[in-house]
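Numbered according to the working numbering, the sequence shown spans residues 3 to 232.
Glycine included, each C-beta is placed from N, C-alpha and C at the ideal position.
Computed from a predicted structure; not experimentally measured.
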Amino acid sequence: MTHPTELLPGYVLGDLTGPELESVETHLSGCADCRAEVARLRDALFSLADDLPDAALPSGAWQRLQARRTVSAVPRRSHRPLSVAPRLQRPRWPWLAAAAVVVLALGVITTRPFTEPSQQATAAQWEAQSVRRVMLTAQGSEPFGTLFVRPDGQALVVLTRPAPTGQVYQAWGRRGNGPDAGVPVSLGLTGGTVMQVGWRGYASVGISVEPAGGSPAPTQPLGRVALPGS
Ligand SMILES: [Zn+2]
3 MTHPTELLPG
13 YVLGDLTGPE
23 LESVETHLSG
33 CADCRAEVAR
43 LRDALFSLAD
53 DLPDAALPSG
63 AWQRLQARRT
73 VSAVPRRSHR
83 PLSVAPRLQR
93 PRWPWLAAAA
103 VVVLALGVIT
113 TRPFTEPSQQ
123 ATAAQWEAQS
133 VRRVMLTAQG
143 SEPFGTLFVR
153 PDGQALVVLT
163 RPAPTGQVYQ
173 AWGRRGNGPD
183 AGVPVSLGLT
193 GGTVMQVGWR
203 GYASVGISVE
213 PAGGSPAPTQ
223 PLGRVALPGS
């Protein structure tokens, strides 16, 4: 079986449409491994939301999202109990709610579809206002990920596929001026495909592939992007 691993982050983020979306949904219905990966990616996004300042959602919206998330994140045949952790009860990042609206609207087959266009329009406005989305592209090749940049200094790096076996992704910030201008500073690393980094004070964020445990300086840089407004 060929697993659409590189499409799963896009699926979770609500990016897929048409045949791509259909093929992923068909695959997910028959592949527990990929369903687990989707659940893991969703959890990463939602746990990230817990660290963020409160934001307003229309009354009842979060409860509806949570109800659908619980259903969609746990495979039907799972023996694990359905549960929603207390930390997931409050909306903290409007963009995540927006993503959840899209993902859950597309992803939930067994429950009533999400059919509130005005609320989806509101979610789109939130996304436009609060989060800048930057493609991470290696020179002359396909995008290798997406950077979601929030104005409060936090950003989410979502890579399109896991790093090669035994290696990790490492994020680097570079200052635009001063005595340390251009010197890469490690912002964090991940053995998976999602990481949160603080970008305050840096003019660009780069991603490299490194041996497990990371490196003091980038050894296999994939590419970097200038930060919005820097
Ligand atoms: Zn699969």
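Cβ pair L224, A205 closer than 8 Å:
no
What is the residue span of the alpha helix (DSSP H) that L30 lies within?
G20 to G32
Let me confirm a value: M197 is counted as buried when at least 16 other C-beta atoms fall within 10 Å, else exposed. Which label applies?
buried
Same chain only: Cβ atoms within 7 Å of A219, ignoring 5 sequence neighbours per side:
P186
So does P145 have its beta carbon nearer than 7 Å to some heavy atom of ligand 2?
Absence of ligand 2 is noted for the structure shown, with ligand 1 being the only ligands found.
C-beta atoms of L10 and C36 nearer than 8 Å
yes
Considering Cα atoms alone, identify which of P21, N179, E24 and P166 is closest to Q222.
P166
Express the C-alpha separation of D17 and S25 in angstroms, rounding to a whole number.
14 Å
Within its chain, find whatever has a CB closer than 8 Å to the CB of V170; leave out the 5 residues flanking it on each side and keep chain order.
L191, T192, G193, V211, E212, P213, A214, G215 and G216
For a test of your reading of the model: does the CB of D3 fall under 7 Å from any non-hydrogen atom of ligand 1? Yes or no.
At residue 3 the sequence reads Met, which differs from the Asp that was named. Yes, the beta carbon of M3 sits closer than 7 Å to at least one heavy atom of ligand 1.
Count the other CB atoms within 10 Å of the CB of R202; is the residue buried (16 or more) or exposed (fewer)?
exposed
Shortest alpha-carbon distance to H5 belongs to which of V40, T19 and R152?
V40
Which word fits A163, buried or exposed, when buried means at least 16 other C-beta atoms lie within 10 angstroms of its C-beta?
Per the sequence shown, residue 163 should be read as Arg rather than Ala. Per the 10 Å Cβ criterion, exposed.
Count the other CB atoms within 10 Å of the CB of Q141; is the residue buried (16 or more) or exposed (fewer)?
exposed
Near ligand 1: D35 beta-carbon under 7 Å from a heavy atom:
yes
Terminal residues of the continuous alpha helix (DSSP H) containing V185?
Note, V185: premise wrong, no alpha helix (DSSP H); not H, not E.
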